[in-house]
Amino acid sequence: MCPVSSVGTDSPVDGIVATVPIVLSLLVAAWALVAAVRHRPPDRVQFVGLAVLEVALLVLSVLALVAVGGGDRPGEPGAFFGYLVTLVCLPPLAWVLARMEPTRWGSAIVCAVCLVTPVVVVRLQQTWEVLGG
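Numbering (our numbering), first residue to last: 5 to 137.
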């Protein structure tokens with residue numbers, strides 16, 4: 005159990021299911037930052053990374069929705085579902101914008117979105133536990 009996390013053990017948005025998208029997102033962000041600094045457009049690695057990240061986020065979202073369907077409730081339902089929808093929309097948005105901007109700024113877009121994604125995952129965890137279970 006991670007002592008830093010404020011999310012309880014019964015949370016569907018905690019543990020490895022949240023850690024994997026965070027780590028993947030930061031890896032893609034680092035790769036995209038290197039490409040942007042080198043004045044390179046988004047490459048196949050960035051797009052594959054965004055696709056893998058989207059799959060991980062969809063798994064997280066499905067597990068959260070299954071928990072809600074099973075009777076569990078987030079502390080702030082409105083904010084929780086807002087963050088959940090935002091979370092699954094971020095990688096496709098980065099993909100589209102990066103394809104529209106085939107310059108180093110496309111890589112910068114991928115980097116920025118991949119730096120925002122871990123923040124949204126953490127906020128998702130926080131909104132689940134607002135009421136303290």
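Even for Gly, the Cβ is constructed at its ideal location relative to N, Cα and C.
Where residue i sits in the DSSP three-state scheme
i: residue 108; result: helix
i: residue 29; result: helix
i: residue 79; result: coil
i: residue 124; result: helix
i: residue 19; result: coil
i: residue 45; result: coil
Contact check, residue i vs residue j, beta carbons under 9 Å
i: residue 34; j: residue 47; result: no
i: residue 101; j: residue 17; result: no
i: residue 53; j: residue 93; result: no
i: residue 97; j: residue 68; result: no
i: residue 133; j: residue 79; result: yes
Residue i to residue j span [Cα, whole Å]
i: residue 57; j: residue 24; result: 9 Å
i: residue 62; j: residue 37; result: 25 Å
i: residue 12; j: residue 64; result: Confidence at residue 12 is low in this model, with a pLDDT of 47, below 50, so the placement of that residue is unreliable and no value is reported for it.
i: residue 43; j: residue 107; result: 7 Å
i: residue 27; j: residue 72; result: 25 Å
i: residue 9; j: residue 130; result: For residue 9, the pLDDT reaches just 44, beneath the cut-off of 50, and the residue's location in the model is therefore unreliable, although a value from the coordinates is still provided. Residue 9 and residue 130: Cα-Cα distance of roughly 9 Å.
i: residue 124; j: residue 110; result: 21 Å
i: residue 19; j: residue 29; result: 16 Å
i: residue 85; j: residue 41; result: 35 Å
i: residue 115; j: residue 77; result: 33 Å
CA nearest to the CA of residue i, picked from the options
i: residue 95; options: 19, 73, 59 and 72; result: 59
i: residue 122; options: 111, 112, 91 and 20; result: 91
i: residue 32; options: 104, 105 and 55; result: 55
i: residue 50; options: 22, 99 and 81; result: 99
i: residue 103; options: 45, 126 and 83; result: 45
Delimiting residues of the alpha helix (DSSP H) encompassing residue i
i: residue 148; result: Because the chain spans 5 through 137 in this model, residue 148 falls outside it and cannot be assessed.
Contact test: residue i Cβ vs the ligand MN heavy atom, cutoff 8 Å
i: residue 19; result: Looking for the ligand MN in the displayed structure turns up nothing, as the structure carries no ligands at all.
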